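Have a look at the structure below before the remarks.
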Amino acid sequence: MKTITYKEFGGTGVLQATDEPMPAIQADQVLVNVKAVSINPLDWKIREGTMKLMSGSKFPKHTGTDFAGIVEAVGASVSNVKKGDEVFGTVKNNMKEGVLSDYVAVPSTLIWKKPASINFVQAASIPTVGAAAVMALQKIGKTTAKSRVLINGASGGFGMFLLQLLKLNGVNTTAVAATQALNFVKRWGANSVVDYSKENVLAKGVTYDAVVDLSGKMGYKNARQIMNAESVYINPIPTPIDILITPIKNLFRGKKHVVLLSTPAKETIDHLVKAIDNGLEIEVSKVFPFAQSQEAYEYAEKGGYVGKVAIEIN
Ligand SMILES: NC(=O)c1ccc[n+]([C@@H]2O[C@H](COP(=O)([O-])OP(=O)(O)OC[C@H]3O[C@@H](n4cnc5c(N)ncnc54)[C@H](OP(=O)(O)O)[C@@H]3O)[C@@H](O)[C@H]2O)c1
Numbered sequence: 383m384k385t386i387t388y389k390e391f392g393g394t395g396v397l398q399a400t401d402e403p404m405p406a407i408q409a410d411q412v413l414v415n416v417k418a419v420s421i422n423p424l425d426w427k428i429r430e431g432t433m434k435l436m437s438g439s440k441f442p443k444h445t446g447t448d449f450a451g452i453v454e455a456v457g458a459s460v461s462n463v464k465k466g467d468e469v470f471g472t473v474k475n476n477m478k479e480g481v482l483s484d485y486v487a488v489p490s491t492l493i494w495k496k497p498a499s500i501n502f503v504q505a506a507s508i509p510t511v512g513a514a515a516v517m518a519l520q521k522i523g524k525t526t527a528k529s530r531v532l533i534n535g536a537s538g539g540f541g542m543f544l545l546q547l548l549k550l551n552g553v554n555t556t557a558v559a560a561t562q563a564l565n566f567v568k569r570w571g572a573n574s575v576v577d578y579s580k581e582n583v584l585a586k587g588v589t590y591d592a593v594v595d596l597s598g599k600m601g602y603k604n605a606r607q608i609m610n611a612e613s614v615y616i617n618p619i620p621t622p623i624d625i626l627i628t629p630i631k632n633l634f635r636g637k638k639h640v641v642l643l644s645t646p647a648k649e650t651i652d653h654l655v656k657a658i659d660n661g662l663e664i665e666v667s668k669v670f671p672f673a674q675s676q677e678a679y680e681y682a683e684k685g686g687y688v689g690k691v692a693i694e695i696n
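Have a look at this one:
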């Protein structure tokens, strides 16, 4: 089968097209003929070696976390899908595994049937950012018609899901994004927008009940200025110190710093599929063929896209 691997940490130049034997499946696994893989920032954080404490330094490594495709074969104990089903899914350990290949073997618990209303690149865009958005919704907690939520860095995959889920829950949202993305974040439900290239959201004198920092460029200390007394700052890009220290510090402060680490699970995906049935849109603004996987990563890593970037495999 064809796959993309790398043998050292580095930029997109380390990515190589490789041939490997087809994976064998175990009793609880499903073999999927992959049609699309979406790109997540985690892919390049691992490839660049910034997460080597968790990813380890054993090479070659594969890349890509979320995929969609057609079931090719199922293990003896699999009952949720069958050969020929159109599915989407994710890997068990995103630090050690990668799905940018034309075949993958994954546990059946990490595979879900693709809604008929969406295509393979849209389905491949769901698991990591969709699950994180559902978890952010839970961490924001109870909201009322008066609640105000700020999403800083709202135009990528995570923001696209979160804005629309908040909209479905009737929450008032402000989205911070670049000029070219403002129309998209409005379409996804933002009640107001801030263009980060023209205005500083910290200087506008507006306060929020939750600040979700998807750009990682604001930080809890800055966010405090625009947080109401009992509000939350949600941080999906925590340092190991944040993970260890924030729960203790939060015991002594009203404005909480909440770390978000999500894993796609059945309940979360069911929530997202219901939202898709209720009109949640998945914008995949750029799709590359498998032969241009390196260019796809170069494009995504520059930023400036809206929604998701994906790779299609024929
Ligand atoms: N912890 C978890 O479980 C989890 C799960 C999913 C994702 N994440 C992380 O969450 C982050 C967001 O995910 P994503 O997939 O949506 O990434 P993304 O597509 O890269 O989105 C980041 C957004 O931040 C915007 N941005 C850049 N500079 C900014 C600035 N100065 N002010 C405001 N916004 C700015 C970008 O806009 P432009 O490109 O237009 O500049 C982009 O829309 C990533 O770091 C990802 O790794 C964590």
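Take 383 as the starting number for the sequence shown in the numbering used here and just add one per residue.
We put the CB at the ideal spot given by N, CA and C, even for glycine.
Since we're looking at a predicted model, the values are computed, not measured.
Between the C-alpha atoms of Phe566 and Val688 there is a straight-line separation of about 7 Å. Annotated three-state conformation of Glu694 is strand, per DSSP. Boundaries of the alpha helix (DSSP H) harbouring Ser437: Lys434 to Ser437, taken from the DSSP string. Collapsing the DSSP output to three states places Leu532 in a strand. Tyr485 is bridged by DSSP to Asn415. The C-beta of Met436 has fewer than 16 other C-beta atoms within 10 Å across all chains shown, which makes the residue exposed. Note on Thr650: 16 or more other CB atoms within 10 angstroms of its CB, so buried under the neighbour-count rule. Assignment of Trp426 by DSSP, reduced to helix, strand and coil, places it in the helix class.
In this chain, Met477 is not harboured by any alpha helix (DSSP H), its DSSP state being neither H nor E. Here Lys638 is bridged, per DSSP, to Val614.
Taking Gly512 as reference, the option from Asp448, Gln676 and Ser613 with the minimal CA-CA separation is Asp448. Within the model, the alpha-carbon separation for Ala418 versus Ala692 is close to 7 Å.
Pro497 and Val655 have their alpha carbons spaced roughly 7 Å apart.
Within the same chain, Cβ atoms closer than 7 Å to the Cβ of His653 are found at Val516, the five residues on either side in sequence being excluded. The beta carbon of Asn582 sits closer than 7 Å to none of the beta carbons in its chain outside the five residues before and after it. Looking only at Glu683, Val594 and Val588, the smallest Cα-Cα distance to Ala518 is reached by Val594. In the three-state DSSP reduction, Phe441 falls in the coil class, being neither helix nor strand. DSSP links Thr472 through a beta bridge to Asp448. The alpha-carbon of Leu584 is positioned some 30 Å away from that of Val666. Inclusion of Lys599 in the 7 Å shell around ligand 1 follows from its C-beta lying nearer than that to a non-hydrogen atom of the ligand.
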